[in-house]
Amino acid sequence: MSIVTPEQTKLNALMTWVLTARTTSPLLDDEADALLANLNEASAHFRAIARAQQRPPVLGLYGHSHEGKAHLLRSLVGSADGRIVVNLGDKPVDYLNQINPGHRPLSLALRFVPRPAGFTDGYPLTLRLFSEADLVQLLMLHYHAQPGARAPERLAVEQHIQRLRDMSQPQTLPGSRPDEIMQIARHWQTLVPASERHLDDAHWQQLAEIVPTLDLAGRALAWSLFWGEQRELTQHWLELAEALQRLGHAGEVFAPQSLLIDNFSLPVDGFLTESELREDDNADVLVRPVEQGEAGPAVNLALSVLNRLCAELVLPVPQQALDDVEVVDIPGFCLIDGVDMALTRRRFLLEWYRKQLQPDVLLICNAAPSRAAIPALSRQLWHWVETTQPAKEDALPGLVWAITPHDARFSDGEHLDEAIQRLLGKPGQRWGTLQALDGRNLQRLTEWLGQALDATHHAGRLAGLRRAGDSRLAQLFSRFNVETQANSDAAKAEAEQTVRGLQRIAARHGELLEGLLPAGLVQQLPQPEAPVITAAPRTPFDLNVDLFAAPQMQEEGQQAAPSHGNALHKAWVNHVRHWTRRADVATHFGLTGEALQHLGDILVVTSYRLDLAAALDEAMHTAARGQARLGDFLTWLGYDAIAPASRPASRVQPGATIFAPAPAQHGRLTKLGEQPAHAATQFVYDWLVALYTRAVENIGYQHPLDINDKQRDTLRKLLG
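Sequential numbering from 0 applies to the sequence shown in numbering that gives the first Met the number 0.
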């Protein structure tokens, strides 16, 4: 179901503005695909907020302590006698005795809801399914858990995109949206080491435009490149995508209770819990796809296909301790090896909920199953907090450890989660701890959860996420802000703030430059052909030239060969824009997102002002020379072409200019100076002075190929 919100209307208008303005502004056209990619990512964010607003607050139980989670479930959704009664139609069933005796590990998530099932006539179960995009992300995760997994090269992807463009249909087909593809892009970036991420936002935007116009076979071909073109993984995706197509790409289906219990109300193994499917797993099961709350005609699916498609099972409970709150039991973290797809699905489920901005509060019962799991699990939990919890000083923590009688520190004498907590950051803001050892503890825990999950906090959390999305949107178009450009004092203050932020991380300056110019960027581009050398004519006059022939006109559609310098400059600009917009990069360096993006703006505008593309064109006889010329620009910011006497004054070496060569020592050194001379320190601070000077010089600069004043006014009105 498509949700139209004011934010979505605004995003659509911004996309239209970019598509229109790029036709008249070559400068904007260079980064238009990256802007559209970020707008599609913002669309997914605001769409998730709108969906979360339509649902009640959600409490998640996460971890590998199954006894601990059962202990909490009895308190949260159980009856006075300790049973967890669920309604399968008009039939009450004890979950812990008849559906999942002993609370065995789950193979999918389980949601307890405080309302009756939506459809009970023979189909009392509600199953929530993965989408096509979810399946792509799951298979990417599975592939990159294998030893030797490699990311595709830039040139291979560009050739792949051209092949897909030839296969595209004139209209979009159901099952895939551009905003979902940008979620795939962000997921892929978390799996691939930074040194192997050869794709930028422009490539992903091209995929976002093409993939929705492909049929299933074309989409399978499109995504196969991202799991090493392994035939079995491609077939796995295609089989499940075809099942989704038969279901009309429904997100939910109603299913019979025979998936959980038999006619004698005994548990049926294989669908809900971690065990082999029964022998008749290829037998068909009838399900009814749900569209806008209404059940459609029954569809036959193989039991194994339905099991692999299912992400969550919904069970209604007649009573619970928290009013109007849904409780989700999410399988705990597990190490994966790229062999067992069931383990990969379990690992992926928390990521699936994160994209939906769920749950509001994640209650953990022993997160780490082993020491080896701590690094990956810490990153996953940190990512969940960053996405679902707005940055607010007085907010209640959304990540909470529950200490139950079954905690590993009591049973095993180990507290592995302490290492995760240290990596996550400050307690009380990023995470918290609550005891659930006895009845009194459970009462206090329930009261705290009631406060953290009330309607006010639920709405406040989503409002904070919406404000964060609006802020990122404004920052995305900040370089077009004519008011800041016109106000030189404000622009100077912003430049000074950025330089001061970079000064605090001066010790990591080399790492910063490495990120701004990754190794192999030039090699990823088509290389210029060597000039053809022909023998010199014996005479400077060619007697075969017909002076009276009609002039030869250039054929329509025939264009001059593109400049390799311009191509390299465009690729570098797109890389800088993409790299400086990444929140994880800003966090890694301890910078604000605004400071990192402003650094990118200064470098890009300076490169246009100094005509770096022309300099690259002169140097592009070989890839090494092109890379070296880009490196020179980043190292000296153009001051290598300026005489030392004309450069700005150095703040480190009094009486000298920036990047001034050290004076030659003709005599013998007889005594040390008062302060030791650190050449690296002098270079870094000279570079920061050069950056600030370039930022001031950029104030008021408008490239002749940039957008015009009318387009700026339109953009300012759209951003509001």
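Glycine residues also receive a C-beta, built at the ideal position from the N, C-alpha and C atoms.
Item	Value
Using CA atoms only, rank isn't needed, just tell me which of A594, L690, L60 is closest to G637.	L690
If we count the other Cβ atoms within 10 Å of its Cβ and call it buried at 16 or more, is T233 buried or exposed?	buried
Report buried or exposed for T533, applying the criterion of at least 16 other Cβ atoms within 10 angstroms of its Cβ.	The predicted position of T533 is uncertain, since its pLDDT is 49 and thus under 50; no value can be drawn from it.
Cβ atoms of L124 and F263: under 8 Å apart, would you say?	no
Any beta carbon from chain D within less than 8 Å of G77's own beta carbon?	Of the protein chains in the structure, only one exists, and it is not chain D.
State yes or no: is the C-beta of L198 within less than 8 Å of the C-beta of I160?	no
So the candidates are I419, V156, R408; which of them puts its Cα closest to the Cα of Q379?	I419
My parser needs the alpha helix (DSSP H) runs of 4 or more residues fully inside the stretch 390-421; what are they?	407-410
Nearest to G295 by CA position, among G247, W236, G424, is which residue?	G247
In this structure, what does DSSP give as the bridge partners for W430?	P426
List in chain order: all unbroken alpha helix (DSSP H) runs of 4+ residues lying wholly within the stretch 206-251.	215-223, 230-245
From the DSSP output, in three-state form, read off P25 for me.	helix
Look at the alpha carbon of D148 and the alpha carbon of P211, and state the distance between them as a whole number of angstroms.	In the sequence under discussion, the amino acid at residue 148 is Ala, which differs from the Asp named in the question. Distance between the alpha carbons of A148 and P211 is about 27 Å.
What are the start and end residues of each continuous beta strand (DSSP E) run of 3 or more residues lying completely inside the stretch 103-142, in chain order?	108-112, 124-128
Are the beta-carbon atoms of L321 and L58 separated by less than 8 Å?	yes
Runs of 3 residues minimum, wholly inside the stretch 259-315: which ones carry the beta strand (DSSP E) assignment?	283-290, 298-301, 309-315
For Q158, is the classification buried or exposed, using 16 other Cβ atoms within 10 angstroms of its Cβ as the cut-off for buried?	exposed
Restricting to Cα atoms, I'd like to know which of P653, R287, E493, F479 is closest to N707.	F479
Sort H186, H202, H65, Y142 by Cα distance to L35 and report the nearest one.	H202
How many whole angstroms separate the CB atoms of A242 and E195, which I take to be in contact at a CB cut-off of 8 Å?	Actually they are not in contact, since the Cβ atoms of A242 and E195 sit about 33 Å apart, beyond 8 Å.
Residues in its own chain within less than 7 Å of L13 by CB, not counting five upstream and five downstream?	L38, L717
Checking the sheet assignment: what are the DSSP bridge partners for K90?	L87
Using the C-alpha atoms, what's the distance from R344 back to W222?	18 Å
What does the Cβ neighbour count give for T8, buried or exposed, with the cut at 16 atoms within 10 Å?	exposed
Measure the C-alpha to C-alpha separation of P404 and L190 and round it to an integer number of angstroms.	36 Å
When the Cα atoms are used, what is the spatial distance from D89 to V324?	22 Å
For the beta strand (DSSP E) that contains I329, what are its first and last residues?	325-330
Output needed for R164: all residues of its chain with C-beta closer than 7 Å, excluding positions within five of it in sequence on either side, in chain order.	I209
Threshold first: 4 residues or longer. Then list the alpha helix (DSSP H) segments lying entirely within the stretch 431-491, N to C.	438-451, 454-475, 481-485
Using the beta-carbon count (16 or more within 10 Å), is G331 buried or exposed?	buried
Is G719 buried or exposed, if buried means 16 or more other CB atoms sit within 10 Å of its CB?	exposed
May I ask which residues mark the beginning and end of the beta strand (DSSP E) holding A361?	A quick correction: the sequence has Leu, not Ala, at residue 361. L361 -> beta strand (DSSP E) spans 360-363.
Are the stretch 175-185 and the stretch 380-389 touching by the rule of at least three beta carbon pairs closer than 8 Å?	no
Given a cut-off of 8 Å, decide if H65 and H102 are closer than it, judged by their beta-carbon atoms.	yes
Determine, using beta carbons only, whether A297 and L308 come nearer to each other than 8 Å.	no
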